[in-house]
Ligand code: NAD
Ligand code: GLY
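Residue numbers (the working numbering): 1 to 372.
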């Protein structure tokens, strides 16, 4: 078990990582359920899959403490992060009469967490919410840090707010039912922490990836706790990404976003897979610029490939050229006027923000990578 504090003045909270914590939820989250004194009905949001798998367990543990669950259930997938679903969810919360001292429970992956977080941010100018992430990606990344959002026709996550959860409850046992492909996609974000800021953790991941992916309890908990500890530290230092600190968490994301756009944000390439390939490209582009050695770039690429993640663009069989990928990047929400900050590597375990990337040179590099 690990309890990791997120030290934000006035909005501090804890991330509890514990096998079986879902079954003990009301005991761990007593303070967050205390406001439900009348009907003692707790608003819970899930997608149909997480509701089917974990809804009854959550109800049983709530019932043991005299609470009942009121459910709002969405279809799995990105479409739930939309204006129509947000409108229905906020209307539902208002209909229940939630108050600003209440907490809504978000049981699911990053989609449910982002949707509930945003609904909580704007309902009555901010009600509370508890993140109960059930994918590896959500357990190591999206449930912590307060980024909440929905998607619109203009792009992913373009409408949102910073709104921190009151508590994050991580049950690694929930990952037992997660499809292996989703597990690997989440593992990409774990590798990200090693590559961006912790060489020793990166080395540990090289040696222990198979154990983490096989959900061996000790290895899995170590991977989650180390990832969350780094994220909590970074968020505490730069909550709103106004300095070049939280931006480090975007390692692999600008390349990855272009690849997701090129593949239509579809199941052809999951977000974590795009981040994995994006990190491989960032490593190889760093080697091209001479900030890391070719051998270090090869080591990063090998760690990604060894986890069963895409590490070479040729694997995708894209029909575009490098210029088209750069064009997608220009529309990235991280673009600053005419410049585009890139997360590159100074070492394995040390990322930095480069604002001097020549986009013509980048397009040439990508042309080579598309066929390498
Ligand atoms: P997801 O929420 O779509 O979950 C992936 C799939 O796994 C879904 O079909 C879901 O029903 C299923 N699932 C969830 N838990 C399961 C379990 N325990 N067993 C079996 N199936 C399970 O995807 P995700 O990868 O968790 O999250 C992606 C979303 O997170 C994207 O919308 C992305 O923009 C967002 N995100 C947000 C942040 C942030 O900081 N807020 C960071 C990264 C990603
Ligand atoms: N997932 C990137 C961040 O939380 O900043």
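A virtual CB, placed ideally from N, CA and C, is assigned to each residue, including glycine.
For clarity, every value in this text was computed on a predicted model and none was experimentally measured.
Selection 173, 350, 49 and 190 evaluated against residue 142 yields 190 as nearest (Cα-Cα). With a threshold of 7 Å, the Cβ atom of residue 238 does not count as near ligand 2, since no heavy atom of the ligand is closer than that.
By the Cβ-count criterion, residue 192 is buried, with 16 or more other Cβ atoms from all chains shown falling within 10 Å of its own Cβ.
With a threshold of 16 other beta carbon atoms within 10 Å, residue 258 meets it and is buried. Judged by their CB atoms, residue 261 and residue 323 are not nearer to each other than the 8 Å cut-off. Annotated three-state conformation of residue 228 is helix, per DSSP. When C-beta atoms of the segment 180–190 are compared with those of the segment 33–48, fewer than three pairs fall below 8 Å, so the two segments do not count as touching. When rounded, the separation of the alpha-carbon atoms in residue 129 and residue 293 is 45 Å. The beta carbon of residue 320 sits closer than 8 Å to the beta carbons of 262 and 370 from its chain, once the five residues preceding and following it are set aside; these are given in chain order.
A residue is called buried when at least 16 other Cβ atoms come within 10 angstroms of its Cβ; residue 3 does not meet this threshold and is exposed.
In chain order, 183, 184, 187 and 307 place their CB closer than 7 Å to the CB of residue 213, counting only its own chain and leaving out the 5 sequence neighbours on each side. Between residue 163 and residue 151, the alpha-carbon positions lie close to 17 Å from each other. Taking the C-beta atoms as reference points, residue 102 is found no nearer than 8 Å to residue 80. By the Cβ neighbour-count rule, residue 99 is exposed, with fewer than 16 other Cβ atoms within 10 Å of its own. Taking all protein chains in view, the Cβ of residue 177 is surrounded by fewer than 16 other Cβ atoms within 10 Å, so the residue is classified as exposed.
When the Cα atoms are used, residue 278 and residue 26 turn out to be separated by approximately 40 Å. Note on residue 331: under 16 other CB atoms within 10 angstroms of its CB, so exposed under the neighbour-count rule. By the criterion of a C-beta distance shorter than 6 Å, residue 223 is surrounded in its chain by 190 and 212, once the five residues flanking it on both sides are discounted. With at least 16 other beta carbons inside 10 angstroms of its own, residue 310 counts as buried.
DSSP places residue 180 within a helical segment (H, G or I) once states are collapsed to three. Under DSSP, residue 155 shares a beta bridge with 152. Collapsing the DSSP output to three states places residue 342 in a strand.
Contact annotation: residue 166 and residue 13 have beta-carbon atoms nearer than 8 Å.
Excluding sequence positions up to five before and after residue 169, its CB lies within less than 6 Å of the CB of 16, 21 and 132, all in the same chain and listed in chain order.
Here the alpha carbon of residue 283 sits roughly 8 Å from the alpha carbon of residue 298. Within the DSSP bridge table, the entry for residue 336 names 339 as partners.
The nearest non-hydrogen atom of ligand 2 is 7 Å or more from the C-beta of residue 155. Per DSSP, residue 327 is one residue of the alpha helix (DSSP H) stretching across 322–330. Sequence-distant Cβ neighbours of residue 121 in its own chain, meaning closer than 6 Å and more than five residues away, are 148, 161 and 163.
Counting only unbroken stretches of 4 or more residues, the alpha helix (DSSP H) elements lying wholly within the segment 195–282 are 199–213, 217–237 and 253–262, in sequence order. The alpha helix (DSSP H) runs of length 4 or more contained entirely in the segment 58–134 are, from start to end of the chain, 83–96 and 110–122. For residue 141, the Cβ falls inside the 7 Å cut-off from some heavy atom of ligand 2. Setting aside the 5 residues that flank it on each side, residue 291 is surrounded in the same chain by 344, 345 and 346, each with a C-beta closer than 7 Å to its C-beta; the list follows chain order. Per DSSP, the continuous beta strand (DSSP E) segment holding residue 47 begins and ends at 41–47.
Residues 90 and 93 of the same chain have their beta carbon placed closer than 6 Å to that of residue 123, with the five preceding and five following residues left out of the count. When the Cα atoms are used, residue 249 and residue 287 turn out to be separated by approximately 20 Å.
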